[in-house]
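Notes for the one structure printed next.
In the working numbering, the protein residues as written are 3 to 383.
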């Protein structure tokens, strides 16, 4: 069974200095699929200049066009299944043409959904890179949808685009085996140290403002507290929040490639996942960072997002309401109970193997086999 991956193959080959969880998902899902003996996975690596000026934009576009011609040749010659990472695969006109060709050739289309046009509104970005018409085309014409999204947002999308449940498999984000190997033993508390960590963007609805306020209040009582943020500022972030972070004596913000983050996590005592669960998008996604938290075995506080609460039931995760008071109360209880933190860690160590990229690829591989064996294979909903 042949699968052609319509993304830049350099992402599959190496994450390099990539910062985004989107590329992380593509990298690990495809590499895990390559391990199956019954799958032949191909892709085309190509160079793109990062510096943006008129010349590099022309060169980048020319390269993408050449790659599209080679991709089209593979589709016509080999008639493979075609894997699109949504939305990143569909932001270029060249890949949208490949999608159209896949439909024309009646090829099986695998659409791996890691975000939707709802994301831009949820995190305060000015607009989505994908139009609603493109999203509808992708959802309706995919033969198999592998979705990292569930909950209320997925129900909305399913009804909006009349998606047949039989062509959908839930494939949450996950953690890589290499991170598990870096943390072979449960967490152990250290006297006079309490480092809190958040990994991800600092933007609308991510709850960083509430986390900063709660930690600032606690720092007055517990001066050993440090809040470490791995992430960059997003669109429309309030100046007050940025100033509170940058001018603080106990908050440390870093921007480092994702591959370098694990080596910085051995001194963390508590992870926090502070997303606003009252926002439908935030309550429906399965952020990569959440599973990376689990992978370290370090105790974690998480707001009550519907999808995550359904997916991960563990005493190693403390689910709380979305308020400064609840953040403050939960963190303070963790400070005063090192034995509880260690027990939470042992709980996480027991479940983390169930949330690896290998397990997620097993789900997708099984769905691919079912799709090919199904009498509904040729139907497009």
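Note that the Cβ used here is the ideal one computed from N, Cα and C, for glycine as well.
CA-to-CA distance, residue j to residue i, given in whole angstroms
i	j	result
residue 52	residue 222	43 Å
residue 306	residue 321	5 Å
residue 396	residue 228	Nothing about residue 396 can be reported from this structure: the residues present for the chain run from 3 to 383 only.
residue 267	residue 34	25 Å
residue 245	residue 291	25 Å
residue 136	residue 164	15 Å
residue 8	residue 109	13 Å
residue 304	residue 62	41 Å
residue 50	residue 14	15 Å
residue 237	residue 205	7 Å
C-beta contact flag for residue i and residue j at 8 Å
i	j	result
residue 99	residue 70	yes
residue 175	residue 276	no
residue 346	residue 301	yes
residue 391	residue 271	Residue 391 lies beyond the residue range present for the chain, which begins at 3 and ends at 383; the question has no answer from this structure.
residue 43	residue 32	yes
residue 106	residue 140	no
residue 189	residue 274	no
residue 77	residue 41	no
Nearest-angstrom beta carbon gap, residue j and residue i [assumed within contact, 8 Å]
i	j	result
residue 89	residue 285	Contact flag wrong, Cβ pair sits at about 20 Å.
residue 333	residue 198	7 Å
residue 149	residue 185	With 8 Å as the limit, residue 149 and residue 185 do not qualify as a contact, their Cβ atoms being about 28 Å apart.
residue 121	residue 130	7 Å
residue 169	residue 147	6 Å
residue 326	residue 216	5 Å
Endpoints, the alpha helix (DSSP H) within which residue i is located
i	result
residue 298	290-298
residue 149	No alpha helix (DSSP H) contains residue 149, which is instead part of the beta strand (DSSP E) from 146-149.
residue 283	282-286
residue 312	308-313
Assigned exposure category for residue i - 16 Cβ within 10 Å defines buried
i	result
residue 59	exposed
residue 39	exposed
residue 251	exposed
residue 258	exposed
residue 369	buried
residue 374	exposed
residue 355	exposed
residue 152	buried
residue 294	buried
Start-to-end residues for the beta strand (DSSP E) that takes in residue i
i	result
residue 62	From DSSP, residue 62 is part of no beta strand (DSSP E) but of the alpha helix (DSSP H) over 56-80.
residue 40	Element bounds for residue 40: n/a, residue is neither H nor E.
residue 256	253-256
residue 302	302-305
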